[in-house]
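Take a look at the structure set out below.
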Amino acid sequence: MIETHLQEKTKDLHIKTPKENRYPIKVIGIDEEEEAGTIVQTIIQQYKLPCTTRDIDVKRTWKGRQGTTAILALNKAGHQELNNRSHMYIGWSRCRVFDHFFLPRCTKCAEHGHNATDCETPIRCVKCGQWGHKRDECRKDPHCHACDLDGREQSRDHEIMSWDCPVYQDKIEQGRKRIITRLS
Numbered sequence: 001m002i003e004t005h006l007q008e009k010t011k012d013l014h015i016k017t018p019k020e021n022r023y024p025i026k027v028i029g030i031d032e033e034e035e036a037g038t039i040v041q042t043i044i045q046q047y048k049l050p051c052t053t054r055d056i057d058v059k060r061t062w063k064g065r066q067g068t069t070a071i072l073a074l075n076k077a078g079h080q081e082l083n084n085r086s087h088m089y090i091g092w093s094r095c096r097v098f099d100h101f102f103l104p105r106c107t108k109c110a111e112h113g114h115n116a117t118d119c120e121t122p123i124r125c126v127k128c129g130q131w132g133h134k135r136d137e138c139r140k141d142p143h144c145h146a147c148d149l150d151g152r153e154q155s156r157d158h159e160i161m162s163w164d165c166p167v168y169q170d171k172i173e174q175g176r177k178r179i180i181t182r183l184s
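Just so you know, full-length UniProt numbering puts 36 at position 36 of the sequence shown, and the rest follows in order with no gaps.
In structure tokens, the structure reads:
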């Protein structure tokens, strides 16, 4: 009686196990002949990683001037084995390897943490940080709004979209440390 009742009440429930944290890397220069499905298997075999193909995700791939680029997400074991590499061999290709942490930056309101498609804030220039105009209409010198908000004393003569922005670099580093802490 109770068993039947429980089965009826729980028939639509599904158990999901949370995905473990993964460490994202960007691999540039993969041979264009290498198929996305075999990249992970090739890495596991060449580096004798204690992983299966389910432990490393290929998030996306695209072809560029330097061959194929792939964003991979490594589990703890894969990260420990491949940590701090500036390059790796995939097949016969010597590929450059970088950390890949994505921090969205809005081109509409010049803020970090979201994209313009999700933004409901009025327009702010990503070049000078002033309200009311877009970057392509701007005639002013670059001035970083993010560095202003953060109270940075360093030079602010860069755009918020600059890869060299100290606030952006700090947020990327915080994300990297957060993932490494979770992997430990």
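Using N, Cα and C, we set each Cβ at its ideal position, and we do this for glycine too.
Beta bridge counterpart(s) of residue i as assigned by DSSP
i	result
residue 70	27, 61
residue 93	90
residue 99	25
For residue i, the three-state DSSP class (helix, strand or coil)
i	result
residue 148	helix
residue 160	coil
residue 112	strand
residue 124	strand
residue 85	coil
residue 54	coil
residue 135	helix
C-beta neighbour in chain D for residue i, strict 8 Å
i	result
residue 56	The question asks about chain D, but that chain is absent: this structure has only one protein chain.
Segment limits, alpha helix (DSSP H) that includes residue i
i	result
residue 34	Careful: residue 34 lies outside any alpha helix (DSSP H) and carries neither H nor E.
residue 76	76 to 82
residue 173	166 to 183
Next on the checklist: Can you confirm whether the region 117 to 127 touches the region 155 to 169 when touching is taken to mean that 3 or more C-beta pairs between the two stretches lie within less than 8 Å?
Outcome noted: Touching, yes, given that three or more Cβ pairs across the two stretches are closer than 8 Å.
Item to check | the region 59 to 79 in contact with the region 132 to 148 per 3-pair CB rule at 8 Å | outcome: no
Checklist entry - Are there three or more Cβ pairs, one per stretch, closer than 8 Å when the region 31 to 44 is compared with the region 86 to 102? => result yes
Next on the checklist: Any contact between the region 99 to 111 and the region 47 to 55? By contact I mean 3 or more CB pairs, one from each, below 8 Å.
Outcome noted: no
Checklist entry - How do the region 75 to 86 and the region 134 to 153 stand: do at least 3 beta-carbon pairs fall below 8 Å, yes or no? => result no
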